[in-house]
Amino acid sequence: MERKYAMTTLSPPSALFGPEYTQNPYPVYAWLREHSPIHEFRFPIGDVRMWMVTRYDDVRALLGDTRFSTEGRKWGSEAFNALGLTAGTGSLLEDGISVVDAPAHTRLRRVAMGAFTPRRIATWRDTISRIVNETLDACARKGEIDVLDDYAGVISSTVLAEILGIRIERHAELVENLSRCFPADPALQAEVPQAFSAICDYAADIVAEKRLSPGDDLTTALLDGTEGGERLTDDEVVAMVASIALGGGDTIRAFLGSAILALIDHPGQRDLLVADPSLAPAAVEEFVRYDAPFTTVMFRLAKEDVTHGGVTIPAGDAVIMCQAAANRDPARFTDPDRLDLLRENNRHLGWGHGIHNCMGAALARLEGEIAVPAFFRRFPDLRLVGDRADVRFIESFALRRIDSLHVEVL
Ligand code: HEM
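Have a look at this one:
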């Protein structure tokens, strides 16, 4: 059935990117899909005009549309650029893989993906299983844990550190800086460039260390280049390691935390997964569809005036392609607000779509497939500590991560 695009002057049930939205954006997404699917609004940071796209077909089509770019510096309006909203502005990350178009993007991506060989990815399974088991033992010794800090956070940090070939001690500093990159509070925007610079300094240290003592890790592989002899420059390797840290640093923690909460909320689905380990890959896709760690992808800038669905987005304006809203679109998914690990044809957009789709999806999938079922198998009688209604999400305009989740695992 063809859906209509109507212009509306009404407002969504709560302010976009406001405190209520941060805790539960889904009612706002439902309203937008229905009443204003390509929605003009003022972004709270800098009060700049933006557009939010929420229907599945539109998000998918526009993410693959070359009239949009992530290169904020080149295509963004003055008002957008004055706010420093392009990820990495003022640091080496402003030429990083997430914010460059083809053909520069094509080359960076080809060389980087050369390091994600099937052999290397296969070794990650053992690494992750070992780290998950050690972390479960540590949790069992504690009795009461915060799922985010004591389980999801430890696994995500330790795995990323091992894969990049770095010492875990440096990792806390990275996570702290990552949590400052996409603030919901406009007053905190001034600190963002400093956080991106710190992530690049951290990546530069890792690269310098690996140059002196190479290992069988991703950073060394990125320094070596492809088998065909293609290499990244020194700055590009640093930006790539920083992009991987940015993409993978806090997302897995967020993802594991939300997946575990979803199964605490849905004991029937939890029982299905525990009883049938072969469900794990489908379960991971459903967790990412149901409540993904990124609600939106990077800002897309209109390179020219773009008319879509009867709405014209002026050149230079920033567009938020909201994959979390698309993933709950009833026109694409049956009963979309229901967690259904047996869902078929689950072609969600939680890993993005188009040239910038997630480079770390293979790693994220493995971590989810191993860490989520293992948690419930080890702790079948876990009990939530405190009130479910008190579980809060952090204040961020892009990252959806539970602040803390206390459970008794005795
Ligand atoms: C459940 C966990 C994860 C989710 C849901 C996720 C989601 C995404 C999404 C939606 C994008 C597209 C951004 C855009 O189009 O602007 C993306 C890109 C990216 N992700 Fe992930 N990600 C996850 C984990 C990871 C991990 C573990 C890594 C690193 C090992 C990683 C590295 C990247 C990189 C480097 C990009 C940029 C790719 C490019 O621009 O070509 N991600 N991710």
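Throughout the sequence shown, residue numbering follows the numbering used here, covering 254 to 663 in sequence.
For every residue, glycine included, the Cβ atom is placed at its ideal position computed from N, Cα and C.
Bear in mind that the values here come from a model prediction, so they are computed numbers and not experimental data.
Our contact map puts residue i next to residue j with C-beta atoms below 8 Å; I'd like the distance itself, whole angstroms only.
i, j, result
"residue 366", "residue 571", "Their Cβ separation, rounded to whole angstroms, is 28 Å, which puts residue 366 and residue 571 out of contact at 8 Å."
"residue 665", "residue 301", "In this structure the chain extends from 254 to 663, so residue 665 is not present and cannot be described."
"residue 492", "residue 345", "5 Å"
"residue 284", "residue 266", "6 Å"
Can you check DSSP and say which residues form a bridge with residue i?
i, result
"residue 665", "With the chain running from 254 to 663 in the structure shown, residue 665 is simply not present."
"residue 661", "397 and 636"
"residue 322", "554"
"residue 649", "436"
"residue 573", "305"
"residue 547", "652"
Label residue i either buried or exposed according to how many other C-beta atoms from any shown protein chain fall within 10 Å of its C-beta, with 16 as the threshold for buried.
i, result
"residue 386", "exposed"
"residue 347", "buried"
"residue 516", "buried"
"residue 429", "exposed"
"residue 370", "exposed"
"residue 472", "buried"
"residue 598", "exposed"
"residue 522", "buried"
"residue 391", "exposed"
"residue 335", "exposed"
"residue 311", "buried"
"residue 542", "buried"
Do residue i and residue j have their C-beta atoms within less than 8 Å of each other?
i, j, result
"residue 389", "residue 498", "no"
"residue 401", "residue 649", "no"
"residue 408", "residue 620", "yes"
"residue 353", "residue 324", "yes"
"residue 380", "residue 415", "yes"
"residue 629", "residue 509", "no"
"residue 569", "residue 592", "no"
"residue 464", "residue 448", "no"
"residue 494", "residue 459", "yes"
"residue 660", "residue 638", "yes"
"residue 297", "residue 439", "yes"
"residue 545", "residue 653", "yes"
"residue 343", "residue 337", "yes"
"residue 651", "residue 504", "no"
"residue 317", "residue 606", "yes"
"residue 577", "residue 308", "no"
"residue 361", "residue 489", "yes"
"residue 258", "residue 562", "yes"
"residue 557", "residue 394", "no"
"residue 579", "residue 602", "yes"
"residue 530", "residue 626", "yes"
"residue 405", "residue 506", "yes"
"residue 368", "residue 474", "yes"
"residue 468", "residue 501", "no"
"residue 276", "residue 547", "no"
Can you tell me whether residue i sits near the ligand MN, meaning its C-beta is under 7 Å from at least one heavy atom of the ligand?
i, result
"residue 638", "Annotation note on the ligand MN: not contained in the displayed structure, which lists the ligand HEM as its ligands."
- Item | Completely contained beta strand (DSSP E) runs for the region 382-459, where each covers 3 or more residues | Counting only unbroken stretches of 3 or more residues, the beta strand (DSSP E) elements lying wholly within the region 382-459 are 397-399, in sequence order.
- Whole alpha helix (DSSP H) runs in the region 258-295 with 4 or more residues, listed along the chain? Segments of the alpha helix (DSSP H) lying fully in the region 258-295: 272-276 and 279-288.
- Item | Segments assigned alpha helix (DSSP H), at least 4 residues, entirely inside the region 463-513 | Restricting attention to alpha helix (DSSP H) runs no shorter than 4 residues, the region 463-513 encloses them at 471-477 and 487-501, ordered along the chain.
- Query: Which whole runs of the alpha helix (DSSP H) in the region 584-648 are 4 residues long or more, in chain order?
  - Reply: Counting only unbroken stretches of 4 or more residues, the alpha helix (DSSP H) elements lying wholly within the region 584-648 are 614-631, in sequence order.
- Counting only runs that start and end within the region 325-350, where is the beta strand (DSSP E) found for 3 or more residues in a row? List check, beta strand (DSSP E) in window: nothing returned.
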